[in-house]
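Numbered as in our numbering, the sequence shown ends at 404 without a single skipped number.
Glycine included, each C-beta is placed from N, C-alpha and C at the ideal position.
Encoded as structure tokens, the structure appears first; notes follow it.
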Amino acid sequence: MSKINSDLSRRRLLFGGAAVGAGALLTACTSNEAAAPTTAQTKAADTTGGGNAAPGTKVTIGFSAPAADHGWIAAITNNAKAQAATFSDVEFKSVEAGADAAAQRAALSTLIGQKPTVIVLLPHDGKELNSFGLEAMAAGIPVVNLDRAFPDARAYRTQIMGDNYGMGVAAADYIITQMKVKGVTSPIIGEIAGMDELELTQTRSKGFSETLAAAGFKVANRRAARFTVDSGQQEASQLLQALPKMDALWNHDDDQGVGVLAAINQAGRSEFIMVGGAGSKQAIETIQADNTVLKATVTYSPSMASSAISLARLIGQNKGMADLVELQVPKEIVLASETITKGNASSYIQLGF
């Protein structure tokens, strides 16, 4: 909890010197004690009409995700557990992921020995855990891969993930529109990415830069943080020093965005607009309040973990999705990245994590 206390003192910088309570801090995704999922992040089975939603064959779902070092990951695990609990025919077995891909691989090997019906997995790194997916599939255990893609399509039965490229596109589109409204023809644009070694970060930046380029814009300065408050504040401080004037900033992740906003307030900067990423409850509330540079965030919701559990149940019962003609669950599902602004924040606040 020492990290939480450190982050709480840092948050006094965010809203005109007012401290944000501990409950809000957890919602803002700065610890591994994220709040329970909202009702909108899980979906209880509607059994009134029978069909696929009705209780069926018992399914054991094995689950693994990285340790919750920030709120989005914590929400992934919480949502998966909560969604599994809505089904009377699902047994949920979670294994510790460990500190890195190798440790998660070892834990997952133990899980294979328990022979669950289906495995839902958010890997530390999709490339490094690809061999596990192949092993589980070869053992007759379907794998639902969550968020961080396996490079080999044979390593998973179904893959559900957010649209990382689309996040960059959505953030750039919002900035382009705002620059046109303001009449800024050559904007100075900053970018604070997440962990650069992850393919998802690279893909987000690609969507951002390519969309800006199509409008004749470019990123003037880019920094890579670590999805944490501390790293967000550190990298934002350096970016602000490098760009004494700025028109727009995209921060990939609302967790680290708490630190980014702290650095911005510390520097007394307000001449630019900022777009966040993921859609945390704290970010959405800040956008609603409209008293900081944060004017929008683009979604990458951890509710995908709830959907992954529902899909795993259907796969385990040899069922398809009721609203589709096909008899099987699709191989790939990519969730659209939507843009949350003050105008639509009230509709999205229930999905904030």
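Please report how far the alpha carbon of residue i lies from the alpha carbon of residue j, in whole angstroms.
i: Arg156; j: Gly267; result: 44 angstroms
i: Leu365; j: Ile112; result: 11 angstroms
i: Ile124; j: Leu173; result: 9 angstroms
i: Asn159; j: Ala126; result: Here the sequence assigns Leu to residue 159, which means Asn is not the residue at that position. Spanning the two alpha carbons is a distance of roughly 21 angstroms.
i: Pro106; j: Thr343; result: 48 angstroms
i: Leu378; j: Thr168; result: 19 angstroms
i: Met372; j: Leu362; result: 8 angstroms
i: Gln229; j: Ile391; result: 14 angstroms
i: Asp176; j: Gln307; result: 20 angstroms
i: Gly319; j: Ser288; result: 11 angstroms
i: Phe259; j: Met325; result: 14 angstroms
i: Thr252; j: Glu261; result: 14 angstroms
i: His121; j: Thr128; result: 11 angstroms
i: Glu248; j: Gln292; result: 25 angstroms
i: Ser358; j: Lys257; result: 27 angstroms
i: Leu375; j: Asn196; result: 21 angstroms
i: Pro117; j: Lys370; result: 29 angstroms
i: Pro295; j: Ser321; result: 11 angstroms
i: Lys144; j: Asn130; result: 14 angstroms
i: Ala119; j: Gly234; result: 43 angstroms
Can you have a look at residue i and say buried or exposed, based on whether 16 or more other CB atoms are within 10 angstroms of its CB?
i: Ser354; result: buried
i: Gly217; result: buried
i: Glu242; result: buried
i: Arg199; result: buried
i: Ser57; result: Residue confidence for Ser57 is low, a pLDDT of 36 falling below 50, so the modelled location carries little weight; the figure read from the coordinates is stated next. Classification of Ser57: exposed, given that the 10 Å Cβ count is below 16.
i: Glu389; result: buried
i: Glu286; result: buried
i: Ala187; result: buried
i: Gly191; result: exposed
i: Gln205; result: Correcting the residue identity first, residue 205 is Arg in this sequence and not Gln. Under this definition Arg205 is an exposed residue.
i: Ala133; result: buried
i: Ala150; result: exposed
Counting only the same chain and skipping the five closest in sequence on each side, list residues whose C-beta sits under 8 angstroms from that of residue i.
i: Ile400; result: Lys332, Ile335, Glu336 and Gln339
i: Ile240; result: Ile226, Leu263, Phe268, Lys269, Val270, Ala271, Met297, Asp298, Ala299, Leu300 and Trp301
i: Asp26; result: As displayed, the chain neither begins before 52 nor continues past 404, which places residue 26 out of reach and without an answer.
i: Ser352; result: Gln92, Gly213, Ala329, Gly330, Leu386, Leu402 and Phe404
i: Lys393; result: Ile338, Gln339, Asp341 and Lys346
i: Ser398; result: none
What residue from the options has the CA that sits closest to residue i's CA?
i: Pro193; options: Gly241, Lys132 and Phe114; result: Phe114
i: Val349; options: Gly328, Ser358, Ala356 and Asn342; result: Gly328
i: Asp305; options: Ala276, Leu294, Arg320 and Ala293; result: Ala276
i: Ser237; options: Val270, Arg205 and Thr254; result: Val270
i: Ala396; options: Lys370, Asn130, Asp341 and Asn369; result: Asp341
i: Asn103; options: Gln368, Lys393, Phe259 and Val376; result: Gln368
i: Glu142; options: Lys231, Gln165 and Leu294; result: Gln165
i: Gly245; options: Ser357, Arg273 and Asn316; result: Arg273
i: Ile170; options: Val235, Ala356 and Ala150; result: Ala356
Excluding five sequence neighbours on each side, which residues of the same chain lie with their C-beta closer than 6 angstroms to the C-beta of residue i?
i: Gln284; result: Gly310, Ala313 and Ala314
i: Lys109; result: Asp140
i: Val413; result: Because the chain in this structure spans residues 52 to 404, residue 413 falls outside the shown range and cannot be described.
i: Arg255; result: Asn215, Met218, Gly219 and His303
i: Leu290; result: Gly241, Asn272 and Arg274
Is any beta-carbon of chain C found at less than 9 angstroms from that of residue i?
i: Gln292; result: Absent from the structure is chain C; it holds one protein chain and no more.
Does the ligand ATP have a heavy atom nearer than 8 angstroms to the CB of residue i?
i: Ala154; result: The ligand ATP is not part of this structure, which contains no ligands at all.
Below 7 angstroms CB to CB, which residues in the same chain sit around residue i once its five sequence neighbours on both sides are set aside?
i: Lys178; result: Pro202
i: Gly74; result: With a pLDDT of 27 at Gly74, under the threshold of 50, the predicted position of this residue should be treated as unreliable, though the coordinate-derived value follows. Excluding sequence neighbours, Gly74 sits near nothing in its chain.
Would you check if there are 3 or more beta carbon pairs closer than 8 angstroms linking the stretch 380-393 to the stretch 153-169? Between the stretch 380-393 and the stretch 153-169, the count of Cβ pairs shorter than 8 angstroms is below three; the stretches do not touch.
How about the stretch 279-293 and the stretch 208-215: do they share at least three Cβ pairs that are nearer than 8 angstroms? Proximity of the stretch 279-293 to the stretch 208-215 falls short of the contact definition, fewer than three beta-carbon pairs being nearer than 8 angstroms.
So, do the stretch 288-308 and the stretch 218-227 have three or more beta carbon pairs nearer to each other than 8 angstroms? yes
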